[in-house]
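Number of protein chains: 2
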Amino acid sequence: MLIRRWLIGIPLATVQASRERLSKVVALAVFSSDALSSVAYATEEMLWVLVLAGSLALGWSLPLSLAIMLLLVILTVSYRQTIHAYPSGGGSYIVAKANLGELPGLTAAAALMIDYVLTVSVSVSAGVAALTSAMPALHPHGVGLALLAVGIVTVVNLRGIRESGRTFAGPTYLFIGSLLLMLLVGFGRFLVGGLPLGQAAEAPAPIAGLTLFLLLRAFSSGCTALTGVEAISNGVPAFRPPESKNAATTMTWVAVVLGTLFLGITILSHLYGLLPREGETLLSQLAWQVFGGGPLYYLVQAATMLILILASNTSFADFPRLASLLARDRYLPTQLAHRGDRLVFSNGILLLGIFSCALIVIFRGSTHALIPLYAVGVFLSFTLSQAGMVRHWLVERGPHWRKSLLVNGLGAAATGLATGVLAVTKFTHGAWVVALVIPVLILWFRTVHGHYGGTEEQLSLARYHRPLVPKHITVVLPISHVNRALIPVLEYARSIGSDIRAVSVDLEPEETTEMKAQWGVWGGGVPLVILPSPYRSFLAPCLGYIRELREKNPDGWVTVILSEVIPARWWQNLLHNQRALIIRAALLFTPGVIVTAVPYHLER
Amino acid sequence: MLIRRWLIGIPLATVQASRERLSKVVALAVFSSDALSSVAYATEEMLWVLVLAGSLALGWSLPLSLAIMLLLVILTVSYRQTIHAYPSGGGSYIVAKANLGELPGLTAAAALMIDYVLTVSVSVSAGVAALTSAMPALHPHGVGLALLAVGIVTVVNLRGIRESGRTFAGPTYLFIGSLLLMLLVGFGRFLVGGLPLGQAAEAPAPIAGLTLFLLLRAFSSGCTALTGVEAISNGVPAFRPPESKNAATTMTWVAVVLGTLFLGITILSHLYGLLPREGETLLSQLAWQVFGGGPLYYLVQAATMLILILASNTSFADFPRLASLLARDRYLPTQLAHRGDRLVFSNGILLLGIFSCALIVIFRGSTHALIPLYAVGVFLSFTLSQAGMVRHWLVERGPHWRKSLLVNGLGAAATGLATGVLAVTKFTHGAWVVALVIPVLILWFRTVHGHYGGTEEQLSLARYHRPLVPKHITVVLPISHVNRALIPVLEYARSIGSDIRAVSVDLEPEETTEMKAQWGVWGGGVPLVILPSPYRSFLAPCLGYIRELREKNPDGWVTVILSEVIPARWWQNLLHNQRALIIRAALLFTPGVIVTAVPYHLER
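This is the structure in structure tokens:
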């Protein structure tokens, strides 16, 4: 408990919950880290695929990036409409469930939950890669560093983080600024021709043909650049009024910055002839070529690492929020629905931390290995959200609904197509895992929902009639030793009823005789029944006797009172057979039987 | 439960326990497997040490074997006296404790427990080595096979094994017969000079000088041949009358057979110029040289494997028996003292199985790596047992006590010397583990003993006076929802007392208002107290209220009655917060408070 207090902090009162309204400049920092940080790996992931077809194929990175930019424009315009239509926050789960029904809603929810876990694993792995690129000595400790980072982010979130501008603005604008500077200097050097090509990497021999399938795979990998752009649509109420208008404007800004950075990095990498390689990220190579290893190089790496950790942090806000929405709709256990004593959804945060750590360990902290699982979920939730908006306009038919329908229809079609491409091209590389987990999650959601529904029905008092009548109580005291712990048991038994009987088992004839004698002295007149036990078990004959009593008296209660000796130290429990626990567990499913333990506290 | 029944069998009644009396021929088979089986590895382990000093040093195996034989003779004569002095079974723990006191007794017990675990690990590893020597394809699966063997022996023992002649006589006499045949044929071939020296192995370059220390180390390794010779002294009551005389005679037979086999194998290996090597046991090489790979070779390997598994089986009888003796003397948890429903000490058997598997995994099933840990414990218990006998004669002074004193004195001195040699020469190779574990075990025994003594004292009714007076009961019903599960709670509360109050926590004002209204309808006139909860916790305010009630009424009981909704399937428990469990745990250490859960069973 002390460790917990030190790590997590003292409880916070409900009245301490407050909502800070964000200006556009600050909101950009708060909501864009997930989206912007993906430029740290998107270009590299695209090149990893293209390089399979040899160095000549790398030129395809430019048209593919343009296609991805087109998708970004469509997404931005579409989501601006969602922002206006759902000013209280329009996550994919809410939009899809409200407009398309339960199954699409749950599909979006499952896709999002997977996506949040992957965002943490991918971002932290990429952030650690930025660090180990700059400090190769740390490379062998990648997995450990990633787990440490997830641990720190988890604890910080359990303490409760204010999504305040101060935390986010610094790293985000540092990242944007240092990358823009790198692009400027890089293009400048290229134009004046003073390009120090340095150690131009040798392209490996092509091991695959340049097929359409390969190009689509590269496109899919590049699409990871778009993950996180929907973040603002979840957070509209956090903006200063007019909320929707400010949010929509900020969304456009994010798209412009994201597009500039992604396109700039892709073109510059191509101009500099860079190849992806193990042990150093593409962005690190690029910064090194441009700045030549000076302090500015280390600034880029530090800013990249910071924004990637911040990006993982956004999942720690989104995952527990989505889990609590699902829990309130009874698709997840209720334990996920409530805020803990630090005003955060502690169980959801812990769950996310555990799942992401598991992924990091399984994939040994390799961004490259995790990427094929990523993005499919994101794009599936994009598609469902857009499709939900299409349905929304068809039903609502507000002003300009035809134009809005067209925009979201285009968004749904484009993201749907991209989802299809992602699923097919990445299927054998890992997307099959997602294709397997989504239906399993949906099944789990529905099973949970069914259980809660059934429970409520069975516990409902509507149309229920049962008069409250006191019933006869038969008290049974199972005795194995006559000692001090028995005195409070007898006292308590006498306080609650008058039909009392003690029961014991004949294990050793000598002990039984002695017990009978002692009972005569201390039993206070309560009759003692001795049961035979051919199989040396104490439990079985007792349970049989209790069930028999219950059958003889089906309308009353049978109360079993046990003495429970509580040792002074926890480890001493190992030295006592846990008879109270076992009897309680064994009788849990016998109706009409109530088990009570009267504790007797040892002092040492 | 069904799996358990299938694996372990139905319970056996106490009256089914019977004791079979053994003839000398059968008793030899039952009690000698541990001792005889050690010839399968003792010579090899001695050669592994000598070969460090080059092939010329191997000749020292003969004088070392003679020294070990001398020790065997001394041990046999000494133990024959123990057999006569303790006809009801004289294990080292009993003899040392009765004659030397608690600490030597516990030391012997700790040494024996370690020894039993090691007997299982070493024997099974060596048995698997006999198998993989004959079938090299199985070599990579050695650890798996060893764990499987331990698993099978554990289950067989949990079912309860009759130590019947049938099980033991076959493999033991097969082993003795086939090894004697091998020795006869082997010496015969040597004498007629038709020795097919075959692939005479090349000795590796010496990496150590032939020092006295090395010779003593080789002697220590060879001493493993003597492990298990004490077995008969534990089992005297199993012999046909006159028990002691028959047991002593059998003990002599065992020593003669053991000496013949060990000396024969050592001499023949030397004559054939065999060297220990990885992947094939020395005994397998010898049998191959003698029989040339025919069916007789496979017979020797099969018999060796069988007797080694049987040897491990004897530990499964001895370890749980010793554990139950210690548990009855309150040096180990009581759970180890009682026979299970198959008339065996199930907990001890399980514990031995788990420990031996752990050792096999840690040492990767290598007999060679385990040996340095072995034998030290055995010889320590020999020494303590013999020293106990010395004390016994000094105190008893029966007829011929001087002669007996001399014999056991010689035994104690010889085994004590051997223990010292073993501990010193093997210390850095693993014996330090044993030197560390023995004191830890003794400390644990004494801690357990202290706790049980303290508990008995605190629970004793001697000089205890407390009149049985009924007390006032305050009933508290913590309520979070008004539903059907509450009806039996109210009924039960009314049946046991009249001072009842319900208590709830104000988490959501709307829900609280609704609850108050529902309580008006269903609460049956019981007052409802609503507690504030600034930190959104249900538990903390409830616990505070209950503790307050208790303080106001220190002489009475506070009974907390909870409704416990029991789902129809186990996994559904995940979907309910375990409030009853948590409240019970939180109030366990508050005196005078009794927690009772009234179950409500869901049907689906």
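Protein sequence lines, in the order shown, are assigned to chains H and E. Every number in this note's numbering is 4 more than the matching position in the first sequence, counting from 1. Every number in this note's numbering is 4 more than the matching position in the second sequence, counting from 1. No residue lacks a Cβ here, since even glycine has one placed at the ideal position from N, Cα and C.
For residue i: DSSP bridge partner residues
| i | result |
| --- | --- |
| E/Y604 | E/V569 |
| H/I477 | H/W561 |
| H/I504 | H/V479 |
| H/V55 | Per DSSP, none; premise fails for H/V55. |
| E/I598 | E/T563 |
| H/I534 | H/S508 |
| H/L26 | H/F243 |
C-beta atoms of residue i and residue j nearer than 8 Å
| i | j | result |
| --- | --- | --- |
| E/T318 | E/D38 | yes |
| H/S237 | H/P91 | no |
| H/A134 | H/T285 | yes |
| E/I118 | E/V348 | no |
| E/S610 | E/T228 | No answer is possible for residue 610 of chain E: it lies beyond the span of chain E, which begins at 5 and ends at 608. |
| E/P273 | E/T47 | For the record, residue 273 of chain E in the displayed sequence is Ser; it is not Pro. Taking 8 Å as the Cβ cut-off, E/S273 and E/T47 qualify as a contacting pair. |
| E/P536 | E/P545 | yes |
| E/I446 | E/L110 | yes |
| E/A315 | E/S127 | yes |
| E/L644 | E/I78 | With chain E represented from 5 up to 608, any question about residue 644 of chain E goes unanswered, as that position is not in the structure. |
| H/V380 | H/A435 | yes |
| E/P558 | H/R498 | no |
| E/F99 | E/M393 | Note on identity: in this sequence residue 99 of chain E is Val, with Phe being the wrong assignment. Yes, the Cβ-Cβ distance between E/V99 and E/M393 is below 8 Å. |
| H/R551 | H/T600 | no |
| E/L116 | E/S137 | no |
| E/L278 | E/L290 | yes |
| E/S350 | E/V154 | no |
| E/A44 | E/T308 | yes |
| H/V507 | H/R554 | no |
Residue i beta carbon near the ligand SAM (any heavy atom closer than 7 Å)
| i | result |
| --- | --- |
| E/E495 | Among the components modelled here there is no ligand, and therefore nothing to report on the ligand SAM. |
Three Cβ pairs or more, each shorter than 8 Å: is that satisfied between the segment 475-488 of chain E and the segment 563-573 of chain E? Cβ pair count under 8 Å is three or more, so yes.
Runs of alpha helix (DSSP H) wholly within the segment 106-135 of chain E (minimum 4 residues, chain order): none
Chain H contacts made by the segment 514-543 of chain E, where a contact means CB separation under 7 Å: If the cut-off is 7 Å between Cβ atoms, the segment 514-543 of chain E has W526, G528, P538, Y539, R540, S541 near chain H.
Counting only runs of 4+ residues fully inside the segment 133-163 of chain E, write out the alpha helix (DSSP H) ranges in chain order. 146-163
Does the segment 373-393 of chain E come within contact of the segment 420-428 of chain E, defined as at least 3 CB pairs closer than 8 Å? yes
Which runs of the alpha helix (DSSP H), 4 residues or longer, sit entirely within the segment 335-393 of chain H? Here the runs fully enclosed are 350-366, 371-374.
Threshold first: 4 residues or longer. Then list the alpha helix (DSSP H) segments lying entirely within the segment 236-310 of chain E, N to C. 247-275, 286-295
Pick out the complete alpha helix (DSSP H) segments inside the segment 81-108 of chain E, 4 residues or longer, and give them in chain order. 96-104
Any C-beta of chain H within less than 7 Å: which residues of the segment 552-567 of chain E qualify? W561
Can we say the segment 462-470 of chain E touches the segment 487-495 of chain H, given the rule of at least three CB pairs closer than 8 Å? yes
Tell me which residues of the segment 486-513 of chain E have at least one Cβ-Cβ distance to chain H shorter than 8 Å, keeping chain order. V486, N487, R488, A489, I491, L494, E495, Y496, R498, S499, I500, G501
Taking 8 Å as the threshold, find out whether the segment 288-304 of chain E comes into contact with the segment 323-330 of chain E through three or more Cβ pairs. Touching, no.
Would you say the segment 54-67 of chain E touches the segment 327-344 of chain E, given that touching needs at least three Cβ pairs under 8 Å? no
Members of the segment 465-482 of chain H that neighbour chain E once the beta carbon cut-off is set at 9 Å: Answer in chain order: L465, Y468, R470, L472, V473, P474, K475, H476, I477.
Using a Cβ cut-off of 7 Å, which residues of the segment 322-341 of chain E contact any Cβ in chain H, in chain order? P337, T338, Q339
Contact set between the segment 76-101 of chain H and chain E, restricted to residues whose Cβ is under 7 Å from the partner: none
At a cut of 8 Å, does the segment 258-270 of chain E reach the segment 102-114 of chain E through at least three beta carbon pairs? no
Check whether the segment 211-226 of chain E and the segment 67-74 of chain E touch, using three or more Cβ-Cβ pairs below 8 Å as the test. yes
With contact counted as at least three CB pairs below 8 Å, one residue from each stretch, are the segment 358-377 of chain E and the segment 139-148 of chain E in contact? yes
Return the residues of the segment 143-158 of chain E that lie within a Cβ-Cβ distance of less than 7 Å from chain H, sorted by chain order. For the segment 143-158 of chain E, the set of positions with a beta-carbon nearer than 7 Å to some beta-carbon of chain H is empty.
Using a Cβ-Cβ cut-off of less than 8 Å, give me the residues of the segment 425-459 of chain E that come near chain H, in sequence order. V452, H455, Y456, G458, T459
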